[in-house]
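Since the structure comes first, as structure tokens, the remarks are kept for the end.
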Amino acid sequence: MPHYGHFTLRQWLPAPPEAVWARVTTSAGINDELSPWFSMSLPAEALPAGEIRDLALGRCWLRLFGMLPIDYDRLFLVRLAPFGFDECSQMLTQRHWLHRRRLRALDGGTEVIDRIGFVPRLPSLLGLYRLILLAVFRWRHARLRRHFSVFPVPR
Numbered sequence: 770m771p772h773y774g775h776f777t778l779r780q781w782l783p784a785p786p787e788a789v790w791a792r793v794t795t796s797a798g799i800n801d802e803l804s805p806w807f808s809m810s811l812p813a814e815a816l817p818a819g820e821i822r823d824l825a826l827g828r829c830w831l832r833l834f835g836m837l838p839i840d841y842d843r844l845f846l847v848r849l850a851p852f853g854f855d856e857c858s859q860m861l862t863q864r865h866w867l868h869r870r871r872l873r874a875l876d877g878g879t880e881v882i883d884r885i886g887f888v889p890r891l892p893s894l895l896g897l898y899r900l901i902l903l904a905v906f907r908w909r910h911a912r913l914r915r916h917f918s919v920f921p922v923p924r
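All residue numbers for the sequence shown refer to my numbering, where the first residue is 770 and numbers rise by one.
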């Protein structure tokens, strides 16, 4: 049985789901979440719209400090729907990668839920990858909070 890691992060943002979704599904939004530590090349400026199943988007490079390629993601969307996606991909460092993101309208804002699952190619690095990935996604959530903290709250 493979060794795997997983975690879930949740946060509330003071913006409607439509505004958050418009941000988190674009190349600019994704790269802002990762900045300044990483950037990610994407095959398009934004994820496709609508309900989609089983869509291979191609190879996306993850670059340290926006310059040094350190990993790639063969980006495959198992499911894309309004306010949510399931990405199940392979990476250079991860035999299996799962990223589920859901947005849920909640108390005058949006709850962002990220579920991450992974199986490292080198099982001995499971603990290290878990620490790194948890830090990266906490950073991404902090960047989202920073971006939407100036968003006007609808009344």
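From the three backbone atoms N, C-alpha and C, an ideal C-beta is built for every residue, glycine too.
List the residues that DSSP assigns as beta-bridge partners of residue i.
i: Leu844; result: Gly827
i: Leu833; result: Phe807 and Leu837
i: Arg822; result: Arg848
DSSP on residue i, reduced to helix/strand/coil?
i: Phe776; result: strand
i: Pro838; result: strand
i: Phe906; result: helix
i: Trp806; result: coil
i: Val789; result: helix
i: Ala797; result: helix
i: Leu897; result: helix
i: Phe854; result: strand
By the DSSP assignment, the beta strand (DSSP E) with residue i in it spans what residues?
i: Ala874; result: Gln863 to Leu875
Within the continuous alpha helix (DSSP H) that includes residue i, where are the two ends?
i: Glu880; result: Counting along the chain, Glu880 falls outside any alpha helix (DSSP H), though it belongs to the beta strand (DSSP E) covering Gly878 to Pro889.
i: Glu814; result: From DSSP, Glu814 is part of no alpha helix (DSSP H); its letter is neither H nor E.
What residues in its chain sit with their C-beta under 6 Å from that of residue i, if we drop five residues either side in the sequence?
i: Gln859; result: Arg843
i: Leu861; result: Asp840 and Tyr841
i: Trp830; result: Ser810, Pro838 and Tyr841
i: Leu903; result: Phe776
i: Arg869; result: Asp855 and Arg884
i: Phe852; result: Pro786, Trp790 and Leu872
i: Leu824; result: Leu846
i: Ala874; result: Pro786
i: Trp866; result: Ser858, Met860 and Phe887
I'd like the list of long-range same chain contacts for residue i, defined as Cβ closer than 8 Å, with 5 residues on each side in sequence excluded.
i: Gly827; result: Pro812, Arg843 and Leu844
i: Ser918; result: Pro783
i: Ser804; result: Gly835 and Arg912
i: Trp806; result: Leu833, Phe834, Val905 and Trp908
i: Ala815; result: Thr794, Thr795 and Ser796
i: Gln780; result: Glu880, Val881, His910, Leu913 and Arg914
i: Asp876; result: Trp781
I'd like the list of long-range same chain contacts for residue i, defined as Cβ closer than 7 Å, with 5 residues on each side in sequence excluded.
i: Gln863; result: Phe887, Val888, Pro889 and Arg890
i: Ile821; result: Leu846 and Leu849
i: Ser808; result: Asn800, Arg832 and Gly835
Below 8 Å, can you find three or more Cβ-Cβ pairs linking the region 790 to 801 to the region 887 to 894?
Between the region 790 to 801 and the region 887 to 894, the count of Cβ pairs shorter than 8 Å is below three; the stretches do not touch.
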